[in-house]
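Asks: Got a structure for you, written out below as structure tokens; questions coming shortly.
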DNA sequence: ACAGCTACCTTGCATCGCAAAGTAGCTTGT
DNA sequence: ACAAGCTACTTTGCGATGCAAGGTAGCTGT
């Protein structure tokens, strides 16, 4: 599996919650939107996540007629979904910093003082 | 499974490569170091990854005597490992920006201009 | 001798991204 | 009217991953 796919694991769900929190949107448009944001995804990833989020009552879906083409299922965040999004944001912020620090090419010394775990 | 665990998927491998690229280190110390950096992991995650990275020839391990306690297996990055790390860094940088943008609480309008995909 | 720490390894489970395939409505060209 | 192509949602099965749990074994302090 690709490096990108692995990186996406667990991140995608948060991204979808974030998008839906900003605007009511349907699955197909969501896919295109994420792609436009350079978050490459396939429908095979999106729809299962939407179904799961619905089952967990983080979002609710509502079928609406389309002005052109097949009907669309629009999703909206529930209160529980807002909570989950905040949770995710917290975890993302907590993870981003340390990983960024590790990924900086300038190796060797970094600012963190080690605790004395692991010493001899 | 926890939100944090899901977020870690695919990120951990890159983090481990990054740490090893900066210093030769053994598994147990690696675990402690990541924890000190607030990247919470268990040995059950670390060791399987180290074995896999070794099998893929991204790192090489060498048993050395410990001045106190059981012997330690020190890992070093191979050239192939350096390449993989750079690959990972690329993907991380590409992903971080868009996700950060999504996670910013200030919802609604963002800077990206949509392409005309998905229009009616 | 015994408990506790250090250090490594393995098994089994739940989760997740996604390719692939299926279903069906609508639009456009001929 | 018919075919082809786009839109839109759904399901199945696979491979990859984090991790709890359990196992082995060496060293240290009491």
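Protein chains in written order, with the UniProt record's numbering: chain B, 1 to 120; chain D, 1 to 120. Note that the Cβ used here is the ideal one computed from N, Cα and C, for glycine as well. Small disclaimer: the values here were computed from a predicted structure and weren't measured.
1. Rounded to the nearest angstrom, how far is the Cβ of residue 75 of chain D from that of residue 95 of chain D, given a contact under 8 angstroms?
2. Do residue 53 of chain D and residue 46 of chain D come within 8 angstroms of each other at the CB atom, strictly closer than that value?
3. Any heavy atom of the ligand MG closer than 7 angstroms to the Cβ of residue 20 of chain D?
4. Return the chain-ordered ranges of every beta strand (DSSP E) run that is complete within the UniProt domain "Transcription regulator PadR N-terminal" (16-87) of chain D and spans a minimum of 3 residues.
5. Would a C-beta distance cut-off of 8 angstroms place residue 34 of chain D and residue 92 of chain B closer than the cut-off?
6. Consider the Cβ of residue 112 of chain B: report whether some Cβ of chain D lies at a distance smaller than 8 angstroms.
7. With 7 angstroms as the C-beta to C-beta threshold (strictly closer), list the residues of the segment 76-88 of chain D near chain B in chain order.
8. Measuring CA to CA, which of B/2, B/25, B/9, B/14 is closest to residue 63 of chain B?
9. At which residues does the alpha helix (DSSP H) containing residue 2 of chain D begin and terminate?
10. Count the C-beta pairs between the segment 72-89 of chain D and the segment 15-25 of chain D that are closer than 8 angstroms, then say yes if the count reaches three, no if not.
11. Which residues, in chain order, does the segment 89-103 of chain B contribute to contact with chain D at a C-beta distance below 9 angstroms?
12. Show which residues of chain D have a CB atom less than 8 angstroms away from the CB atom of residue 57 of chain B.
13. Below 6 angstroms CB to CB, which residues in the same chain sit around residue 71 of chain D once its five sequence neighbours on both sides are set aside?
14. Can you name the residues of chain B whose CB is closer than 7 angstroms to the CB of residue 49 of chain D?
15. Take residue 103 of chain B as the anchor and find which of D/69, D/11, D/73, D/4 has the nearest alpha-carbon.
16. Would you verify that the beta carbon of residue 73 of chain D is, or is not, closer than 8 angstroms to some beta carbon of chain B?
17. Quick one: which chain D residues come within Cβ less than 7 angstroms of residue 3 of chain B?
18. Alpha carbon to alpha carbon, how far is residue 5 of chain D from residue 73 of chain B?
Replies: So, to answer that:
1. 26 angstroms between Cβ atoms; not a contact.
2. The answer is no: Cβ separation not under 8 angstroms.
3. Although the ligand MG was asked about, the structure shown includes no ligands whatsoever.
4. Restricted to the UniProt domain "Transcription regulator PadR N-terminal" (16-87) of chain D, the beta strand (DSSP E) segments that are unbroken, complete and at least 3 residues in length are 59-64, 72-77, listed in chain order.
5. No, they are not a contact pair.
6. Only weak support exists for where residue 112 of chain B lies, its pLDDT of 44 falling under 50; the coordinates are left without a value.
7. Cβ proximity to chain B below 7 angstroms picks out 87, 88 from the segment 76-88 of chain D.
8. Nearest Cα to residue 63 of chain B within the set B/2, B/25, B/9, B/14: B/25.
9. Taken as a continuous stretch (DSSP letters only), residue 2 of chain D belongs to no alpha helix (DSSP H), as it is neither H nor E.
10. The segment 72-89 of chain D, when compared against the segment 15-25 of chain D, does touch it at the 8 angstroms Cβ threshold.
11. Those would be 89, 90, 91, 92, 93, 94, 95, 96, 97, 98, 99, 100, 101, 102, 103, in chain order.
12. What residue 57 of chain B touches in chain D: nothing, since even the nearest Cβ is about 16 angstroms away.
13. These residues qualify, in order along the chain: 63, 65.
14. Simply none; closest approach about 12 angstroms.
15. Measuring from the Cα of residue 103 of chain B, the nearest candidate turns out to be D/11.
16. With 8 angstroms as the cut-off, residue 73 of chain D does not count as an interface residue toward chain B.
17. Residues of chain D passing the Cβ test: 87, 88, 91.
18. So the alpha carbons of these two residues sit roughly 30 angstroms apart.
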